[in-house]
Structures are given as structure tokens and as C-alpha cells.
Amino acid sequence: MGEPLIYEICRAGRKAVHLPDVDVPESPLPQDALRGELPLPEVSEIDLVRHYTRLSQLNHSIDTGFYPLGSCTMKYNPKVNEYAARMAGLANLHPLQDMDSIQGAMALMHNLQEMLAEIAGFAAVTLQPAAGAHGELTGVLIMRKYLYEKGETQRDVIIVPDSAHGTNPATTSMSGLKVVECPSAADGNVDLAALKALIAKHGDRLVGLMLTNPNTLGLFDENVAEVLQLVHEAGGLVYGDGANFNAILGIAKPGALGFDVMHYNLHKTFSTPHGGGGPGSGAVGVAAHLAEYLPGPIVARDEDGYFRWEMPAKSIGRVKAFWGNFGILVRAYTYIRMHGAAGLRAISENAVLNANYIQARLRGVYPIPHGDRTCMHEFVAQGKLDGAPTINTMDIAKRLMDYEFHPPTVYFPLIVPEAIMIEPTETESKETLDAFCDAMIQIAQEARETPELLKTAPHNSPVKRLDEVRAAKELQLCYAPGCS
Amino acid sequence: MGEPLIYEICRAGRKAVHLPDVDVPESPLPQDALRGELPLPEVSEIDLVRHYTRLSQLNHSIDTGFYPLGSCTMKYNPKVNEYAARMAGLANLHPLQDMDSIQGAMALMHNLQEMLAEIAGFAAVTLQPAAGAHGELTGVLIMRKYLYEKGETQRDVIIVPDSAHGTNPATTSMSGLKVVECPSAADGNVDLAALKALIAKHGDRLVGLMLTNPNTLGLFDENVAEVLQLVHEAGGLVYGDGANFNAILGIAKPGALGFDVMHYNLHKTFSTPHGGGGPGSGAVGVAAHLAEYLPGPIVARDEDGYFRWEMPAKSIGRVKAFWGNFGILVRAYTYIRMHGAAGLRAISENAVLNANYIQARLRGVYPIPHGDRTCMHEFVAQGKLDGAPTINTMDIAKRLMDYEFHPPTVYFPLIVPEAIMIEPTETESKETLDAFCDAMIQIAQEARETPELLKTAPHNSPVKRLDEVRAAKELQLCYAPGCS
Amino acid sequence: MDYIPNTDADRAEMLKVVGVETVADLFHDVPEQFRFPKLDLPPALTEMEMLQELQALADENDDLNHLACFLGAGAYNHFVPKVVDSIISRGEFYTAYTPYQPEISQGTLQAHFEYQSMITALTGMEVSNVSHYDGATAVAEAVIMALQVGRNKRCNVILSPTLNPQYRDVVHTYTQGMCVKTIGENAPLGDLNALADMCDKDAACVIVQNPDFLGRLYLPAEMQALADRVHGAGAMLIVACDPISLGLFTPPGHYGADVACGEAQPMGNSLSLGGPYVGFFAMKMGEVRKSAGRIVGQTVDVDEERGFNALAAAIYMAAMGKHGLKKAAELTYHKAHYAAKLVDALDDYAVKSDGPFFKEFVVQCPLPIAELNERLLNEWGIVGGYDLGADYPELKDHMLVCVTEMNSKVEIETLAEALAAIAAPASEDLEGQDESLGETEQSDIEEVA
Amino acid sequence: MDYIPNTDADRAEMLKVVGVETVADLFHDVPEQFRFPKLDLPPALTEMEMLQELQALADENDDLNHLACFLGAGAYNHFVPKVVDSIISRGEFYTAYTPYQPEISQGTLQAHFEYQSMITALTGMEVSNVSHYDGATAVAEAVIMALQVGRNKRCNVILSPTLNPQYRDVVHTYTQGMCVKTIGENAPLGDLNALADMCDKDAACVIVQNPDFLGRLYLPAEMQALADRVHGAGAMLIVACDPISLGLFTPPGHYGADVACGEAQPMGNSLSLGGPYVGFFAMKMGEVRKSAGRIVGQTVDVDEERGFNALAAAIYMAAMGKHGLKKAAELTYHKAHYAAKLVDALDDYAVKSDGPFFKEFVVQCPLPIAELNERLLNEWGIVGGYDLGADYPELKDHMLVCVTEMNSKVEIETLAEALAAIAAPASEDLEGQDESLGETEQSDIEEVA
Ligand SMILES: Cc1ncc(COP(=O)(O)O)c(C=O)c1O
Ligand SMILES: Cc1ncc(COP(=O)(O)O)c(C=O)c1O
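Protein sequences, first through last, are from chains A, B, C and D.
Numbering that gives the first Met the number 0 numbers the first residue of the first sequence as 0 and each following residue consecutively.
Numbering that gives the first Met the number 0 numbers the first residue of the second sequence as 0 and each following residue consecutively.
Numbering that gives the first Met the number 0 numbers the first residue of the third sequence as 0 and each following residue consecutively.
Numbering that gives the first Met the number 0 numbers the first residue of the fourth sequence as 0 and each following residue consecutively.
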């Protein structure tokens, strides 16, 4: 166990790749510009393959087990999507090729724009943002620019509920606006009274609200219509964080509910893999009044059916190079096309049923602050157990690894102490959910009877429990390279 | 640990694949012919993927570690070859398509025929046989038919050295001929005196000799020229078992040495993967006098460069459906084209150097019957150690697993008691060879000091040492299926 | 390009340990005049150059991703879910060899065990081995087993004329050195009784195919009657069958077959110009034990496994499952019949399959099949059916048309249209070119939006 | 098609445990008038149908497997060894998320650590983060870091006009809500001194690209002089660079850059119509620590990782290694210069790159680039260079030609021939069509035999 570093298996002179010899007359090199040493590894192809194959086996992954990471929607990533994204006719295209030569790819993007707009009830969609957080930045900049161009340049405050994901306040700040936090009510919804007070307080400085619905407690805000109305009446706009969109496909359209702008996490809801943290796609949908502000270019369709790149008239500008993460878009497109309307609704129905099933089975075993309500695709329990005073959420998480499960998201949302955020997704079977619940119940018992078992967990993982605090302090950010 | 059977994870109604609905008018089904139950599993795609992903991780493989399985040439299988064999323009071709529409594929096969002929010094090659043993059957049938058509129908005896692989006598019998075993001499070569006696004894009933050279002791028969001459003088033909061809690419051409026919194990020498035992390709090369007897069709090239299927005039007939294992041929072709003459010779040089290096390091540690000679790409040691009377080869093999090595081939060749047949191949680095030798040396010491450690090995593998005898007796050949 | 990790420095150190000066010194045992011959090969290519060459070779072929295929005759264009390749391309599977050491080969062993279980379930037999090179060699091995069961005293092997001609060829090749008489191939096509009539004390086995090479499906009762007569004569009944058909129809194990075998390629293996494929082989344990001491393990060497292709078939069976395989069979059945109906309705063509059929049917055509196929390919983007004339002189100008779930309704209708156009006087031909399949498919795309 | 394993029976059991009657009951919190809206989407496709549609879409594109590509401008057609895809397509990598739980994410964590080590080695910097969305956003993040280092008191961001125009766009977008003044974009092209002259106490940073967007390579001494002046003014020097160029040329860390960042796509990531790519980002630890308490971790959220594309880049760097990356850079250099020489020798074309250049160079053309490219594509199978006129009005009718190791000598010569033919009077045009690249390549095949 324990795989050496790539630099530890290299040896001077080894090669995994051979390139052809120069077949053209050589030109003089600018000697002054040549670098000395290039300290990259030197390995053979077999060593490379073994190294990474072994490394891969040290990971827990969806393909090897249950991964109920709340807010991350770790659903099964269909294999056909991987094939699709690798087809030469889709993968080996230069982004700046003549439009004539990529009409198929542009048709795919255009269809995806339209389908996403329809699914969430928006007028227009950009596929350019590369992730959820990137979509948030995009959305907030759109809100800001829209208000500025209306002449309301004094508006600079965005209200963000305290249950929001950290990226919401972060992107707001990045766009130069100010964040004001709004508390949640006891029932998990936005605290209406507090919201009203904040709106009144900030008056015409209000840009709007960023709302995650279902929120990070896994609850659909029952007052969503009223919340939106309050913000709109105050001249503000409402941003929807679509990270939890997997709960409401075909169940509700955010655009119809009145959201002005929303990002989709294609890598969550539409099941594109996000190995090691990415890549993703944070497509953004907007209501008609914001359509001209989208970043781009986006794909427009001429009357004769020809697709062309088009920059929206009042665009905030491009948010990344080129058009968006096309390889991810191919996967999302494939996924949506293979589901259709009924299939999408079935996704959400089953995701929500699966979450409620786990919630029902763990109710009474673990504290669940809003366990009296129906949850959406996820819910938040707590790692605090009567009769097990030393045990915390992290202990439970680590012990779950011994049962070959990836732990849920822990310590988020911040408003729930010792949070354990469980999102099973629709692609898990009842047997898997049962095995997970059984393990959770067993662990609750162990917590009382043999707490050491939890404190020293995990016991079978490739490495033992890591001291993350120490690691963060004695930061070793890279290896000083060199081959023998 | 321990993955349930696919039937144990199935559940009535689950589906991994959905097919479209019937889009044509239906026709009446012959009711009398309909089957009742179809007891196949019912699983979802995620369960399927997890099941096989986990199963795969229970295997030792070249991609995860050293695999010095003598006689099997477990060398690295280049990744580019896998890509090549899956290119739509090569993989999605029907074997009976019009020749006009597969000229590229036929060009590839024709080039491969020519290259293989050149590498081994033969006049013609068929790519049809599907494995080494299949090539042997092909070759023996060719020898038989050639002699029969010459009118020598009385010939029915083939001499096979006692060091041969079991497939040699098996295929001989299958072709209706009789096997006569020839002993090896003390130096590991064919016992010339015995050979002469056998030739004399069988006289004009001699069909010929099957010779593996380098032989299964890993030795190049120093008398090969004389051996061939003796058989030829007696009117016989010599079959070359090319399983060990990896030792002599660019070092010697069997055709030039006088072999009349030989099979190539493309899956060994030319590095096409043979996962779980296959598929392979046992292409067969022949000297000019046997060219018309090859099975086929093979690919012929017209003067205008057009490729066409052609059945050799006196062919023994086809040995399998269609033309050969094309997917394997694509890989072998890629491999040979990427090596060229110098690259192929380097393969053998390094394979032989690697084997001699291990032999040198283990000399004095384990008995090596022919350790005084230079070996070729492999050599045979013995699992008998002074001072460790209870330890046998199997114990050593199992203990090697604890060091994360696949054991060498054991108990073959049969003429060496407690044989340990080690073939490192050229794709392993000195570090890997050293680690393996260190483990072997360590194990020899353990055998004396802590024999229990060997007797109870392996200790870290997915399952403990299996009682293979018992398994063979209480044969459970399949699972009685049914989903809950 | 090479895959040799060791460097000159490594080699120098190793040579020292070995005790020789140069690598060439390791080859003294090779007679000098034969040592280090020149290999006249094209220069080595780097991976980058190789990929360009492969692309050029591939581009010279017309692949079925871009054509409508109505060709079967032993290799079938069935749907392969992408999950199959995604699993078999895992290095831990394809770079592991035969499971010699079970402790570290549990993945392969369990996968094979499951394959056997599923093949047994599919065929209705009792045991299955891990596989043969292909369907043809599986049939030949079944014949050899029957000869052994008959203690090599029963020398007659009765081959149905509608057993795949290539399978019959391989039986001839395999048995050429044995005391075997192959009979039956001249019997009337589709006449099981004629084969049964040949069964006597010299008969080792009867081999039939169901559905047969011409697509004809024999009913279980007909097959059981044959089995009874074969067994009555003390011989074995070997049935070659299409595994996809078993999704819908009674398996050989239910009508008395002693061995059920055939080509598993249609289950998850790509067409790949004819290989690698995988032969499946299942039998009744009892029957065999009764009649002979020898069982299959003896003739089938472990080295003959196509473990990897069997893995693909296993994944396919598990992925398709009970419902999927049935549906694939139903789609195939209905589409083939729809195609037959359309073609039979054409003026100059006649469908010659009268009994029940599955997937393939025989069409009498108004011009030579080679000519027809050339025009189908070049003018319509269609790979036409198999030319039966070569194997069955009586079926000159007859085409064996194959239809699977992969053929869309549009494709089937285009085939009929194309056949009609090609048979019609030259003036009507030009129309066809505008409606070739390539175009039809492309114009579908925009409908999505 | 769906990927939901549970059956109706499963759901029924689960609903009972949950304590509701139907699945619809779970959605009472959704206001009724908005509940269960109709989604107007095309009907669902099965995998089989989907693959047909995808093939049709793919066939409507002209991919670079079949064209010679001389287009770069921020996305580069470098060779990707097949081993890269073979590793990144392992499910254990791509279906594992951000390594929140280190004990069971050691594979990803170690791979990322190695990526950082290699990026640091490549750029000559001291630390690297795991990655950004792409090169453009990496540059924008570098700008934001510089603003923070300047405690938001230094508000001038000096952008080189030869920084990739799209990168500049993203900087503008990202900073539109901040108190930032972007200057420099109107400076003379390639004039580092002009940029240095703008550095004063209000300057947060200078961002230059090396080699720049026009392919121009600045010598280490020039860059060091710039760095000294930038640092003298208390600002930061951010260098965007092409990682392939670093195989051969002095890295930013060796001439005073505070941040080296850029697009890592050329290292192992497919072109994929522009994404997903991966931005690399490396810096000097000391410099940053000295000037500010904040370090990069703060602005770069963990969620911004492109772990997967970074993995591809890591495998690429390890696979190419010391020698391979250098060779790729050398091939690129020599081929680009050979192409420049051939094109410059043509009557109607002039190469406008005077200083040293790498991979890309500017060509003044006798006709509009759009027209030229259309003819190159349709008549010669060549993807021509980037039309510089849109970004640089002074470079109307100038093409940015990109040449990498992927362009064979034949391709380069054919480009020159094609350019000549297109510029020539119409009568000579026809020749060209016969010699298009497709044909040239195909005729190579038979030489193998
Ligand atoms: C609620 C919520 N919002 C936003 C995000 C950010 O999305 P991304 O990771 O795609 O940047 C996340 C990510 O987990 C999230 O959970
Ligand atoms: C010496 C020898 N001959 C023949 C064979 C048979 O080759 P195959 O496994 O391809 O049938 C082998 C296989 O290991 C072998 O080692």
C-alpha cells in the first residue's frame, strides 16, 4: 500500500512517449531564451500506467460505491455520455473553426440552450460559464448591469440567506456588491419578517436576493412566491442557485416561480462527471428582460436554420475563453435527450423519494432538525447522539468508510451544528439505501457502546485518519523533483 | 471484500438497457416456439458498473504489477493499440462486406502478412488461426496434407520433445497423428542420439518434429541446425512452436534456420492483450513448399494494388469462420509498425537481458537446472531449498503474492521437478526486476526461518489460499439463477 | 517507439551482473550464420505518425456507423450498449491472463463463473464452458466430443445443409485426420426428417442450426421429434443457435439437445471484420455422463478460452437482462418480418422463406446479388444481404437479408425502395440517389430543436 | 431510458416507510399552481437512437482527424498520447469528486500534488494551485490577486495588447464591479517598455503574454528588465504563457514573474470545441508573502478546480517528461519557422513577425482572411489561421498561422502551395483540388507493404 510519487519512480533517460524526428530544415534557436534544466519526470509508459492505475484504486468513486455527498448530487454518470464526448466528430474540433464546419456541434449547443430554457422556464440561456460558482458570478454581474443600465447605479446590496453555499456571498463580493445575510426561520424557510426588515433597511440600494430553492437544508421554501414578490416589489431581482435543481425537474420551473436568473450545475443535475472537482458547466438561464445581458457568444439560429455565434447586445462580456465546456455540454445534451420530459420528472421524484426514505429510516436515530417536514432530494441530520458525548460528526463520517460508503457532506450547512447532509440521488437502489441506513444505525449504536471504534476510524482505507490541521500548517505544496 | 454474484444483486424489473419500442407493424409470433422464463439477471446500469469495477479490482494484471508468467510473455500492452482496434473505421466492419468497402482493412492485413513473413523468414502467412494451439493444429494439418498429397500417406508419427507445451501433443492427436516423445539431453537441448534412434525407428512413418526453440527451459537449442537436418533427411517436416518468439526477433529467423512451418502468438510476442485467456491470434507462417496449403482465405494483392480474399489452392480448409481475429491483427500491426526492424531486435535483446539478469541474481539462491547456460527470454528455477524441507514451489508462488507480484509459471515444464518458470519480458525496468529478486531472496530466507509464513500465504489477497483440489471435486459450474 | 523502460545505464549495470560484455554476447547459442539477420521492414513510426496511418486506413473503409446494414450470415449487427466497452476496457480485465492463481484472479474467475451461469440459463442446458474461438470452432469441438462419446466407433457425422457453410467447412478441416464420414449436406434444405433418416448405429451426431443459416426457425416439437430419433439411434444432437433468438424462443435445452453451441458475437462483441468473436458451448451433464466417461474439459484446453470476449458477452447478458434480450429478439423478429413483407410486395422480388423465420430471410432477386449489392452500397449507402449462390447453387440470385433492432423503419423502407429502383428500368434510377440513407438521417437532426 | 434502479415495487415499499401515499405527495411544499408543469421537450431516445443522432451531429462537423490544422489563437492542436485518455477514462478518477475525505481520495490527492509539483517545475515558480476553469479565468484571478496584494489601493491593471484578446475580455468582465482601471491595451504591439512606463504607484500589476498572442517570444533579459521596472513601482508581474513553449524556453519564474499562468489545454486535453480546458496558476511564495498577508487560496475556491483536466495535464507532463516536452517544443519551433519561410517566399504573402517567435506567426495576405480560409477548407482540406482583423484593426487581412508537431512537412508544403494557388489568377486554381491533403495522405498507405 502507498504508491510512491511519480518523481520517486522516475529514472534519467526513460521515455513514455517518442515524437518523430524533425522532418523540416531546422532554424536557429534564440540561444538566449533557452531554458536550462527541465525538471519533469522521466518514466516509461508501463510505469506511468501502473502508477495511475494504482492511484485510481485508492479513490472512492461513484463507480465503486455509494457517495451520498449532500449538495453535490453524486449520481451515476452514464457510460454512453463518455463515448459521446469522445467521438472524433465532436471532440476533435477547434473552437475557432469556420462555423460552416461545425454546424453539428452548434446545433447540439443550440438545442441544449433551448432545452435548458424550457426545463427551468427561462427565456434564454448561456452555456459559457464553467461551473456553478462561475454561473453565480455571471448571474450577479447580469443583475448588476441590468440595474445600472436602468440608471439605478446606487443599488449595491444583495441579500443572501444564512443557509446559502459559501459561493453565493463570495461571488457577490467578487462582483463588487455588498452581502447582507438573512436568517432562516425555525421551519427552515427564509425568515419573512427578517427579510422584510432587510428590504426596508436597504431600500433602493437593493440589487436583489440570492436564493437556493430547495435550500441547503433540503427544504422547498413554502413561501417562495411571497419571498420573490417582496424582492421584486422593492425593485430587486432574484438569483436562483440551481445547485439543487435535481429535486424539481418537471416539478417546478424556477422561471415560472419568478426567478430572474439561475445557474444550472450541469455536472450535478445532468450527470456529467466531475472527477477530482471538475470540470463542470454552470449554464445560466434568464428571464426575457435579462436576455440581452448574457455573456457569450451564444448560439443563434438563423431563419434558414444556419447556426451562428452571437454576442448578446448588452452582454456583461465573456466569462471565459471560447463558448463553454463543450465536452460537458455533449454529455448533458445526451442525458437530457435520453430522458425527455417524463424521464426528467422521474429523476426528481426518485431523488426526493430516496432522500425521504433515508430520512424516515434515520428519524429517531439521529437528530434531524427539520425531520418533521418532507425533504426534497437531501436532508440534514446531526452527528450528536444521546449517550455518546465524545462522538461528533467527523467520527461518524470516518466510521462510515469502514462500511465502504463515502460519508455525506459534513459541517455544512453552517447553520446546523454537526451537520450531516445526506443526498442519495435517484440512481441508488433501495438495497443500497437500506445498507447505508443499517450502517448509520449500527454506527449510532457503536457510538454508545464502543466509541473508540469511531474515534480511530477509518480502519480499512488506504491510509489511516489524516491529521488535516497539521497538514494545513506544515504545507508541503510540491515535491522538489529530480530523477536518479 | 467479496463481491456478490450478479444474480445476487439482481431484482425483478430492473433494467440497465432500454431498447426502442417496435416502430413497424408487428407480425404474429409463432406461439409454439416461444420460451417460458428467461432466467437472466435484472440489474441497473449503476449496479452493473459497480459489480464489474469491483471485480476488476480483484485481479492482478499487467497494468497493476509485475507478471513474470513464464511462457506467457506478459508484456505491457500499449494503450494506443486499444484505441486503434476501436476506431469505427476498423471496428465496425462486417466481415462479409463488399471488398471495395474494406480495402483499408485488407491492406492492413496484407501488410501484416508480409511483415510477419519477413520477421520469421517465411514465404507465406495466414492470419486465420485464433490462438497458438489453433496455429499448431493448422500447422500439423498442413504438414499432414502436404505429405499426403505427395503420396506419402503412410506417414503418421510426429516426434515431440518432452519439454514441449501440452498443446503440441494435443494438437497432433487431434489431427489424427501419433505422438512420440523425445527426451531432452542433460544440457537442455534435444537429445540427438535419442532423436536419431526415433527417426530410425519410425522410418517412413515420420511426419516430422514439433520443436519449440527457444525451448520451454528457456534455452536456444544449440544443435538446432543438426536437428532440423536429421528430420529433413528422413523426409519429415519441422514445426516450430513460436510461443517463445519474443526471444529471437531480429536475432534469428526460424524460416532461415529451416523450419517448415511455425505459428506466431501475436498475443504474446506482439503484445496484444489476452485478458482472461484470450482472444489471441495464432498466425501461421510456412516455407514456400507449404504456401498453397495454408487455411484461408488470406489477403492477396492484385497488380493494380487491389486487395482480395483468396483461398490457397490446396488449402487444408478454413480453421475458423471469416478471416482471423481482425481486432487483434490491428493491434499487432500497430505494434510492429511502431517498432520497425531495430525496435523488434531491441525487444528480444532486452527480454533476454532481463531474464539473464534475474537468473544471475537468483543463481545460488534457488536451484536452476541449466543455470550455467545463458538463457533466452525466460529460465526455469526450482522451488526446492536446502534447509526448508516442507516448502515447495506452490508455497513460494503464494508468498510472492504478499510482495504484490504475480507468481511465475509453476510446475511447468514437467521435466523439471518443482519448476518455477520466470519470464520478465522486456517491458519491465531494472527496479522492478530488482524488487522481484529481492522478494525471491527474502522468501528463500523465510522458507528456512519462518516456513509457516509461506504455508499460509497469501495474506493480503482478496481471498485466502484456495483449496483447488476440493474445488475441482465439488464442481459448482454455475449458479441457479433468479431475481427477487 | 518502444516500450522498453531500461536505459543504457541500466543495461550496463545489468550486463555486469550477468557477466557478459555486450547484449550480443547473450546470443552465442544461435548459429552464427543465422544470427542477427536483416529485417526488411518499413521504418518505425511514432505513435503520432501511427495514428495518422491508422486513420488513413480506417478512412478507406465504409463502416457501419455510416451505412445501413442488412448483412448477417454469421456475424450480426446487434446493438452493443456502451457500458460493455467501458467495462472491458479496464486494464485489470484485459491485461490479466488466464486465472492460474485464483487468489489474485477472483475478478476474472467470478466473471467467468457468471458467464457460465448465464449461458446455461440462456440455452436451458446444465453446464457451460468458458468459451471457444468462435461459433464455428465450438461446433467443430462439439463434433469431436460426440466422436469421443461414441468412443470413435461411430464415425458418421450428420451435418445439416443449413448449418452455416463456414461452420461445416471448419468441421471438415478439423476432422480431416480422423476416421469420420460427414454426410447430410446434400439433404433437402430444411428437411429434419431426412437427417433423422440417416441416423443409425454409425452415427455419432447430428448437427443442425436453429434458426438455420437461412433464418428458418424450427418449432420445439419438430426439434424434439428429431432429438428423439437421434437419441433413439444412440447419437447426439448438437444444436447451433443464435443467442439473440433465445431471448424469445424455446432454447435447445428444452427440446432435447445434448449440446447447444454457437457464436456469441451478437452479444456485446463488435463486428470487427470477423473477429475476435467467441463460441459458446453448453451441454447436458446427465446425458454426457451417461453416455461416456469423458466430458468436455478434456478436449477443450484452457488455452482455448476467449475469456475477454466471453466477458463482453457476460456483461451484455447482464446489461440486457431478462427483458432486454427478449425485446432485442422481438424487435429483430418484427422488423425482419416487416422487411420481408415490403420486399415480397415488390414486383421483381420474392421472399422464399415459407416457414417461421427469425432475423434472416431469403429473397429471390432479378439480378445477380453482387451487382445488386454494389448498387445498394454506392447509390444508397446500404450494405445488402448475403449472396447465397456460392454456397447453394440452387439459390443463385438469392439474397439472405438480415434485419435486427439496429435497422430503423426508415432504413427498411429505404431498402425496399432501393431494391425496387434498382430493378426498375434505368430511367427511374436517378431518384434513388437523392434519397440515400445518409441524407435521410442528416435531415432528422434539426427536428430536435 | 433512465438510470433509476428502483422498481414500482421498491417505490411502493419506500412510500410506506415514508408514510405517504404517492410520490406526488412529496411535493406539497411547491405552490400548487406551479407544480408539475409540462416540459415541452423532444421525446426521449434510447441509447441506440441517441448514438445514431450523435453520429449524425458529429458527421456534420469537419473534425481535425481529417483536416490539416493551422489554427491556434489560444487553443492548440498538440499531440495527445493515447495513454492519457486511457487513464482519465477510469471511473475511479472521473466519478470521484473533490477529495473531501482524504482517506478515501488518496488517488486524486496524490495526482493533484504531483500536478502541482510538475507545474511548479515547468514554470520555475514555487507554488501552484490545482487549477482554474481555463487560461482566461486564471489570468483574471491573477489580476484579482494582484488587486488584493495591493490592498485594493492600486487600481490600475496594465494589460498588454498582445495578451490574448479573450483573456483581456474576461479580465474586463471579472473586474467590472471593482474599482479598476485597465490600461495598456492601446500601447504599441510588442513594446514592453511602453507597458513599464505606465507603472506607477497606482499600478497593481502588468500582465503580458510570452510568447504573446502573435507568437512573439520575448527574451529573458527583456522580461527581466520589465520585471525590475514593475517591481520597482511596487506592482506585480503576471505572465501568461504557453506551457509547451516552456519545454524549450526560460520559464517565467526565471525572469522575475510573480505569477505564471495560462492555458494547460495543450498538455493532454483535447480541443473539444473550446472546453473543458484547464488554467494553470503558479507563483512565487516569497514575493507574495512579502507583499501581502493574503495568498492565493483565498480567492480560488476549491470548487473552481478542474481536477479532471488537471489530471490529464499531469499525465501528459509525466508521459512526455523532460525529453518529450522539449522535443514537442523543438518540433513546433522548427516547423513553424519552416512554414513561415515557405509562406514568406510566396509572391503575395508577407510574414510580419520580425523578432523571435514560437508556434505562431503573422502573415499579411492578399485577400480577406475569411475568404481565404473558406477556400483552404473547401478546396484543400486545410483549417487556415486566425483572422487578426477583428481584434487588431491595424492587422486587417493578417492571418495568425499556427504550426505544431502535428503538422507534417507535407501539410506545411501543401499550405504554402494552397496559399499560392488561391492568390494566383483563377486559371491555376483547379490544380489545387487534385492535390488536397486527404488524397495525399491516402496514397501514402500502400507504401507500407
Ligand atoms: C448550493 C450550492 N451552490 C453553488 C455551488 C457551486 O457549484 P460549483 O461547484 O459547480 O461551482 C454548490 C457546490 O457544491 C452548491 O452546493
Ligand atoms: C510453448 C507454448 N506453446 C503453445 C502455447 C499455446 O498458445 P495459445 O495459448 O495461444 O493457444 C503456449 C501457451 O502458453 C506455450 O507456452
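All C-beta atoms in this analysis are idealised placements derived from N, C-alpha and C, irrespective of residue type, glycine included.
Cβ pair residue i, residue j closer than 8 Å
i, j, result
"A42(A)", "C71(A)", "One detail in the question is off: residue 42(A) reads as Val in this sequence, not Ala. Result no, Cβ atoms of V42(A) and C71(A) do not sit closer than 8 Å."
"G306(C)", "T107(C)", "yes"
"V178(A)", "V226(A)", "no"
"I494(B)", "V206(B)", "With chain B running from 0 to 483 in the structure shown, residue 494(B) is simply not present."
"D385(A)", "L453(A)", "no"
"V169(C)", "A135(C)", "yes"
Closer than 8 Å at the beta carbon, the chain A residues around residue i
i, result
"E44(B)", "Y75, P77, K78"
"G90(C)", "V48, T52"
Chain-ordered chain C contacts of residue i [CB-CB under 8 Å]
i, result
"L18(A)", "T45, M47"
"N64(D)", "Q54"
Contacts that residue i makes with chain B (C-beta to C-beta distance below 8 Å)
i, result
"T408(A)", "Per Cβ cutoff of 8 Å: no residues; T408(A) is ~20 Å from chain B at best."
"Y2(D)", "S43, E44, I45"
"S460(A)", "Result: empty, since nearest Cβ-Cβ is about 13 Å, beyond 8 Å."
Contact belief for residue i with residue j at Cβ below 8 Å, rounded distance in angstroms
i, j, result
"I118(D)", "F279(D)", "5 Å"
"A32(B)", "L216(C)", "6 Å"
"H262(B)", "I327(B)", "The pair is not a contact, with the Cβ atoms about 14 Å apart (cut-off 8 Å)."
"M400(B)", "P407(B)", "12 Å between Cβ atoms; not a contact."
Under 7 Å by beta carbon: chain C residues contacting residue i
i, result
"F78(D)", "M47"
Per-residue contacts from residue i into chain B (C-beta, under 7 Å)
i, result
"Y132(C)", "A129, A130, H133, K319"
Contact set between residue i and chain A, taken where Cβ atoms lie within less than 7 Å
i, result
"K81(C)", "K78, V79, Y82"
Residue i: contacting residues in chain B (beta-carbon distance under 9 Å)
i, result
"G64(A)", "R49, R53"
"F35(C)", "G249, I250, A251, R344"
Chain-ordered chain D contacts of residue i [CB-CB under 8 Å]
i, result
"Q363(C)", "Within chain D, no residue comes near Q363(C); the closest Cβ sits about 31 Å away, beyond 8 Å."
Neighbour list for residue i in chain A, Cβ cutoff strictly below 9 Å
i, result
"D196(D)", "Simply none; closest approach about 24 Å."
Open item on the list: If you measure from each CB to the nearest heavy atom of ligand 2 and keep those under 6 Å, what residues do you get, in chain order?
Closed with: S70(B), C71(B), A130(B), G131(B), A132(B), H164(B), T166(B), T211(B), T215(B), D240(B), A242(B), N264(B), G279(B), G281(B), D302(C)
Task: At least three beta-carbon pairs within less than 8 Å, the segment 281 to 288 of chain B to the segment 66 to 74 of chain C - done: no
Open item on the list: Count Cβ pairs between the segment 301 to 312 of chain A and the segment 3 to 21 of chain D that sit closer than 8 Å; are there 3 or more?
Closed with: no
TODO: Determine, using beta-carbon pairs with one atom in the segment 166 to 186 of chain A and one in the segment 423 to 440 of chain A, whether at least three such pairs fall under 8 Å.
DONE: no
- [ ] Could you say if the segment 435 to 445 of chain B and the segment 234 to 245 of chain B meet the contact criterion of at least three C-beta pairs nearer than 8 Å?
- [x] no
Task: contact_flag[the segment 136 to 145 of chain D, the segment 223 to 237 of chain D] where n(CB pairs < 8 Å) is 3 or more - done: yes
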